[in-house]
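Here is the structure we will look at, set down as structure tokens.
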Amino acid sequence: MAMPKKYADEFKQTAVELVESGIPQKQVCADLDVSKSALQAWVRAAQLTGRGIEPASDADERREQVAMLKRIKELQTENLILRKATAYLSQANLKLGGQSPK
Numbered sequence: 001m002a003m004p005k006k007y008a009d010e011f012k013q014t015a016v017e018l019v020e021s022g023i024p025q026k027q028v029c030a031d032l033d034v035s036k037s038a039l040q041a042w043v044r045a046a047q048l049t050g051r052g053i054e055p056a057s058d059a060d061e062r063r064e065q066v067a068m069l070k071r072i073k074e075l076q077t078e079n080l081i082l083r084k085a086t087a088y089l090s091q092a093n094l095k096l097g098g099q100s101p102k
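Counting from 1, position 87 in the sequence shown corresponds to residue 87 in the numbering used here; the numbering is continuous, with no gaps.
Take a look at the structure:
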């Protein structure tokens with residue numbers, strides 16, 4: 001069985017930055033000759049670290065962290081939708097002259 005490759009922290013950070021800049025993971029994997037699972041782990045670790053959370057070494061904890069990141073993303077999307085709806089409704093209210101129902 002082959003030993004897993006070891007990558008320098010700077011290399012991992014560069015790979016994560018490429019993904020965060022909008023380059024698809026598949027392209028980054030091909031360009032840097034890294035596995036998709038390795039790149040996903042680096043991106044996930046960066047997302048956790050960016051939120052002040054130490055990436056887990058235990059598989060069950062990793063699954064929980066993945067679920068947590070997914071839920072955070074869902075909540076951020078919901079928050080954005082609500083902010084846009086609020087802005088739209090307040091603009092619509094201004095166009096009506098700001099009259100409140102009696």
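Beta carbons are placed, not taken as given, at the ideal position from N, Cα and C, and that holds for glycine.
Where does Val34 fall in DSSP's three states?
-> For the purposes of this step, residue 34 is taken as residue 34 along the sequence shown, with counting starting at 1. Val34 falls in the coil class under three-state DSSP.
Quick one: measure Cβ to Cβ for Val34 and Ala15, integer angstroms, because I've assumed they're closer than 8 Å.
-> Numbered from its first residue, the sequence shown carries residue 34 at position 34. Numbered from its first residue, the sequence shown carries residue 15 at position 15. Right, the Cβ-Cβ distance comes to about 7 Å (below 8 Å), so this counts as a contact.
Locate the alpha helix (DSSP H) running through Ser90, then write down its first and last residues.
-> The residue labelled residue 90 in the question sits at position 90 within the sequence shown. Start and end: Ala59 to Lys95.
Please confirm if the region 51-70 is in contact with the region 6-26, defined as three or more CB-CB distances below 8 Å between the two stretches.
-> no
Would you identify the three-state DSSP class for Ala45, choosing helix, strand or coil?
-> The residue you call residue 45 lines up with position 45 of the sequence shown. Correct three-state label for Ala45: helix.
Nearest-angstrom Cα separation, counted from Ala92 out to Asp31 | Taking the sequence shown and counting its residues from 1, one reaches residue 31 at position 31. Taking the sequence shown and counting its residues from 1, one reaches residue 92 at position 92. Their backbone Cα atoms lie some 48 Å apart in a straight line.
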